[in-house]
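Residue numbers (the UniProt record's numbering): 1 to 226. Even glycine gets a Cβ: it sits at the ideal position worked out from N, Cα and C. A quick note: this is a predicted structure, and the numbers were derived from the prediction, not measured. Below is one structure; the comments refer to it alone.
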């Protein structure tokens with residue numbers, strides 16, 4: 001594995017960790033939330049620099065179903081990130097407090113919440129579409145393929161996805177995505193690790209959906225070639 005590939009993986013892991021830590025903002029403190037958000041922005045920019053060839057080739061070649069979905073998803077993620085960052089700057093009380101922007105708090109909070117939750121879902125789907133690369137890398141750790149190991153891994157992923165459905169509903173995420181609820185509910189007596197574990201399960205749910213949706217599209221592409 002090349003140094004660049006290792007750097008890409010490290011950046012993606014850090015982005016995933018930052019995304020999960022950004023969700024319980026009231027439980028970790030607003031100052032920490034803002035600094036993690038700044039770190040996320042830096043990682044996002046670095047991610048695009050490392051993948052500049054993909055961006056450079058957007059106008060080239062044929063667009064298959066899977067490529068079209070990946071491109072639309074990437075565009076929506078970019079919009080959600082820009083919306084989160086712009087609204088975050090307007091709401092900032094620490095990192096960008098020197099700007100002293102007032103009068104847009106209510107609108108900025110709604111945009112920030114909408115973009116943050118949709119960004120969370122879209123990035124998990126994006127990760128799922130590329131999860132085959134993860135399974136390919138982990139598969140190299142073992143000398144030979146194993147049906148039992150594959151079955152076990154699929155069982156674990158299914159269990160995470162099923163629990164992710166429960167956490168998705170229990171945490172009220174549908175209401176946040178549809179803007180039916182304008183404030184995120186936090187139980188301040190709950191350990192933050194429980195909150196993060198639930199959101200990890202929700203992320204796992206959308207990674208699961210993205211992975212198998214991607215497999216359907218790739219299989220369709222193979223059939224069309226035949």
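Exposure of residue 182, with buried meaning 16 or more beta-carbon neighbours within 10 Å: It is exposed - the Cβ of residue 182 has fewer than 16 other Cβ atoms within 10 Å.
Buried or exposed by the 16-neighbour rule on C-beta atoms within 10 Å, applied to residue 123: Of the residues assessed, residue 123 falls on the buried side of the cut-off, its CB having 16 or more other CB atoms within 10 angstroms.
Cβ-Cβ separation, residue 82 to residue 108 (assumed contact under 8 Å), whole Å: Approximately 13 Å separates the beta-carbon atoms of residue 108 and residue 82; this is outside 8 Å, ruling out the contact.
Straight-line Cα distance separating residue 128 from residue 170: Their Cα atoms are separated by approximately 23 Å.
Closer than 8 Å to chain C by CB, residue 215: Note that chain C does not occur in the displayed structure, where there is just one protein chain.
When 19, 11, 12, 5 are compared against residue 118, the one with the closest alpha-carbon: Considering only 19, 11, 12, 5, the residue with the shortest C-alpha distance to residue 118 is 19.
Residue 94 in three-state terms, based on DSSP: In the structure shown, residue 94 sits in coil (DSSP, three-state: anything other than H, G, I, E or B).
Boundaries (first-last residue) of the alpha helix (DSSP H) holding residue 60: Careful: residue 60 lies outside any alpha helix (DSSP H) and carries neither H nor E.
Between the CA atoms of residue 106 and residue 98 - distance to the nearest angstrom: Whole-angstrom Cα-Cα distance: 19 Å.
Backbone CA spacing between residue 164 and residue 135 [nearest angstrom]: Each residue's Cα considered, the two are about 20 Å apart.
Sequence-distant residues of its chain with Cβ nearer than 6 Å to residue 12 (five each side left out): Counting only Cβ-Cβ distances below 6 Å, and skipping sequence neighbours, we find nothing.
Residue 8 vs residue 50 beta-carbon contact at 8 Å: Yes, these two residues count as a Cβ contact at 8 Å.
Residue 70 burial status per 10 Å Cβ neighbour count (16 or more: buried): With 16 or more other Cβ atoms within 10 Å, it is buried.
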